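Colleague: For the sequence shown, the tail end lands on 251 under our numbering, and the numbers increase by one without skipping.
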Amino acid sequence: QYNVSQQEHERMDYIAKTLSSETYEIMLSQLSKTRVLEAYLMKTGGSYEGFDDIAQILLEEDYVRNVLFAPNGIVEKVYPLAGNESVLGLDMSASGAGNKETQAAISKGELYMAGPFELIQGGLGIAGRLPVFLKDGFGRSYFWGIVSVTLDYPAVLETSSMASLESQGFRGRMWRVNPDTAEEQTILRTGTLPQKSLERDYELDLFNSTWTISLAPAVPWYGRLSCWLCVGASLLLSLLAGIFVYGVDK
2 QYNVSQQEHE
12 RMDYIAKTLS
22 SETYEIMLSQ
32 LSKTRVLEAY
42 LMKTGGSYEG
52 FDDIAQILLE
62 EDYVRNVLFA
72 PNGIVEKVYP
82 LAGNESVLGL
92 DMSASGAGNK
102 ETQAAISKGE
112 LYMAGPFELI
122 QGGLGIAGRL
132 PVFLKDGFGR
142 SYFWGIVSVT
152 LDYPAVLETS
162 SMASLESQGF
172 RGRMWRVNPD
182 TAEEQTILRT
192 GTLPQKSLER
202 DYELDLFNST
212 WTISLAPAVP
222 WYGRLSCWLC
232 VGASLLLSLL
242 AGIFVYGVDK
């Protein structure tokens with residue numbers, strides 16, 4: 002029992018590490034695009050005019066919904082405009098889905114990942130919110146606004162190896178506590194996890210957001226036929242050994 006259980010734990014540790022690494026790499030490759038927006042503003046002194054050609058490069062992947070500029074937190078420019086018209090004028094520092102992360106980003110001056118959450122233009126998305134601080138003519142830093150990259154969910158995670166867990170004998174769920182509702186929100190899952198006592202949880206830190214990966218064997222060790230066959234064989238061998246010893250003593 003111990004050996005089987007320990008082997009399962011080691012395999013789940015490896016799977017969790019793999020899932021964590023690939024999820025981080027996906028998000029890093031996309032949310033780092035906010036740094037391109039930031040760099041452009043720093044170069045132009047806060048102007049996003051002429052950004053169209055660069056925007057096309059950032060939008061190459063089908064699951065990139067948009068990139069946008071929000072001076073003082075109010076969205077003024079979004080690429081592409083088609084399908085994202087309703088985003089214009091959005092106050093990202095006001096109340097609304099995904100905006101708590103925006104407020105935290107402004108407060109801490111760091112990149113925050115928001116979502117998955119419902120987008121006002123329809124569908125679900127995951128977004129990177131980066132506050133931009135520029136310098137005035139006296140070299141003093143001031144808050145320019147927010148730049149953001151929005152990704153279609155769940156499309157951005159469609160290459161996750163979570164889907165292959167059951168073929169490896171495990172089930173899993175990736176989830177977070179939604180800051181807007183304080184409730185658990187499932188992000189990815191495969192099958193239904195068995196009883197809680199068999200789960201192992203692994204925290205995944207993603208750009209100031211915490212997701213959790215919960216894993217468990219698809220079938221507990223004590224529910225497998227092979228396990229009971231081994232137990233039966235062990236009992237039979239013990240019985241035969243006992244009979245043999247008894248016969249020798251006679």
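Glycine is no exception: its CB is placed at the ideal position from the N, C-alpha and C atoms. Note that the coordinates shown come from a computational prediction; the quantities given were computed from them, not determined experimentally.
Classify Leu226: buried if its beta carbon has 16 or more other beta carbons within 10 angstroms, exposed otherwise.
Modeller: With a pLDDT of 46 at Leu226, under the threshold of 50, the modelled position of this residue cannot be trusted; read the value that follows with caution. Classification for Leu226: exposed.
Colleague: For Ser215, does the three-state DSSP call read helix, strand or coil?
Modeller: strand
Colleague: Counting pairs of Cβ atoms below 8 Å between the region 56-74 and the region 151-159, do you hit three or more?
Modeller: With the cut-off at 8 Å, the region 56-74 and the region 151-159 touch.
Colleague: From Leu42 to Asn179, what distance separates their C-alpha atoms?
Modeller: 31 Å
Colleague: Where Asn100 and Phe139 are concerned, what is the direct C-alpha to C-alpha distance, given to the nearest angstrom?
Modeller: 32 Å
Colleague: With DSSP as the reference, label Met93 as helix, strand or coil.
Modeller: coil
Colleague: Excluding the five sequence neighbours on either side, which residues of its own chain have a C-beta within less than 8 Å of the C-beta of Ser22, listed in chain order?
Modeller: Result list for Ser22: empty, nothing under 8 Å.
Colleague: Within 10 Å of its beta-carbon, does Ile27 have 16 or more other beta-carbons around it, so buried, or fewer, so exposed?
Modeller: buried
Colleague: Could you say which of Thr103, Glu167, Gly129, Glu200 lies nearest to Ser6 if we only look at CA atoms?
Modeller: Glu200
Colleague: So, are the CB atoms of Ser215 and Thr35 less than 8 Å apart?
Modeller: no
Colleague: Which residue marks the beginning of the beta strand (DSSP E) containing Ile147, and which one marks its end?
Modeller: Where Ile147 is concerned, the enclosing beta strand (DSSP E) stretches over 142-154.
Colleague: Span of the alpha helix (DSSP H) holding Met114?
Modeller: Counting along the chain, Met114 falls outside any alpha helix (DSSP H), though it belongs to the beta strand (DSSP E) covering 113-119.
Colleague: Looking at C-alpha atoms only, which residue of Gln31, Ser165, Glu39, Gly74 is the closest neighbour of Ser108?
Modeller: Gly74
Colleague: So, using beta-carbon positions, are Val79 and Met93 closer together than 8 Å?
Modeller: no
Colleague: Out of Ser48, Phe118, Asp53, state which residue places its alpha-carbon closest to the alpha-carbon of Glu185.
Modeller: Phe118
Colleague: Sort Pro218, Leu205, Glu39 by Cα distance to Lys18 and report the nearest one.
Modeller: When only C-alpha atoms are compared, the closest one is Leu205.
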